[in-house]
Amino acid sequence: MAPKKAKKRAAEGANSNVFSIFEQAQIQEFKEAFTIMDQNRDGFIDKNDLRDTFAALGRLNVKQEEIDDMLKEASGPINFTVFLTMFGEKLKGADPEETILNAFKVFDPEGKGVLRKDYVTQMLTTQADRFSAEEMEQMFTAFPPDVSGNLDYKNLVHIITHGEEKDQE
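Numbering-wise (our numbering), the sequence shown opens with residue 121 and increments by one.
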């Protein structure tokens, strides 16, 4: 007879092997993100949770169609397993540069390719795995904003994934 933990793991695997796609640390990060998005703490992400999450990120004018389209991507109610599966499908075969770039694009709805230094600082020091003041200083030393205080995140992502500065087109 298998120990209880093994049975539980086997049962999870029978429902979905999504937990085998990610490392434990990644699953924990996704769980933190899910918990932040599940504003009403009912174990599911719904329309109101998405609207509240966008509001917390500073996007107050999200169209209902945009939220509906996001929810339609799921096969049903979005619990944590569905949430993880959706990320697994999105990331499968995705280029790391594209994945990181898409994360920044969430904060740049106009698609300018730059984010305000103060906005980046606020987001990275107040959300999920918070950056310390020292980590922020290190980041801005390595990737200084332009004279207007904008961070060119497309170049930042290129350097993170390729190790050298992108030629300016």
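We treat Cβ as the ideally placed atom computed from N, Cα and C, and that holds for glycine.
Would the beta-carbon of residue i fall within 8 angstroms of that of residue j?
{"i": "R171", "j": "I156", "result": "no"}
{"i": "I198", "j": "F164", "result": "yes"}
{"i": "K167", "j": "L191", "result": "yes"}
{"i": "V234", "j": "L271", "result": "yes"}
Taking the alpha carbon of residue i as the point to measure from, which residue in the options has its own alpha carbon closest?
{"i": "D238", "options": "G269, K274 and K232", "result": "G269"}
{"i": "T219", "options": "Q148, S195, H278 and Q159", "result": "H278"}
{"i": "F207", "options": "I280, F224, Q247 and F139", "result": "F139"}
{"i": "L177", "options": "K232, K225, Q258 and A194", "result": "K225"}
{"i": "T201", "options": "F263, D166 and F150", "result": "F150"}
{"i": "M259", "options": "Q247, Y273 and P229", "result": "Y273"}
{"i": "P216", "options": "N181, G283, I147 and Q148", "result": "G283"}
Tell me, which residues are paired with residue i by DSSP?
{"i": "N270", "result": "R236"}
Can you name the start and end residues of the alpha helix (DSSP H) that residue i belongs to?
{"i": "N137", "result": "It is not in any alpha helix (DSSP H) - N137 carries neither H nor E in the DSSP assignment."}
{"i": "P67", "result": "Residue coverage of the chain in this structure runs from 121 to 289, which leaves residue 67 outside it and unanswerable."}
{"i": "E260", "result": "Note on residue identity: the sequence assigns Phe, not Glu, to residue 260. Unbroken alpha helix (DSSP H) run through F260: A253 to A262."}
Note to self: Threshold first: 4 residues or longer. Then list the alpha helix (DSSP H) segments lying entirely within the region 152-213, N to C.
What the structure shows: If only complete runs of 4 or more residues are kept, the region 152-213 shows the alpha helix (DSSP H) at 167-176, 184-192 and 200-211, in order along the chain.
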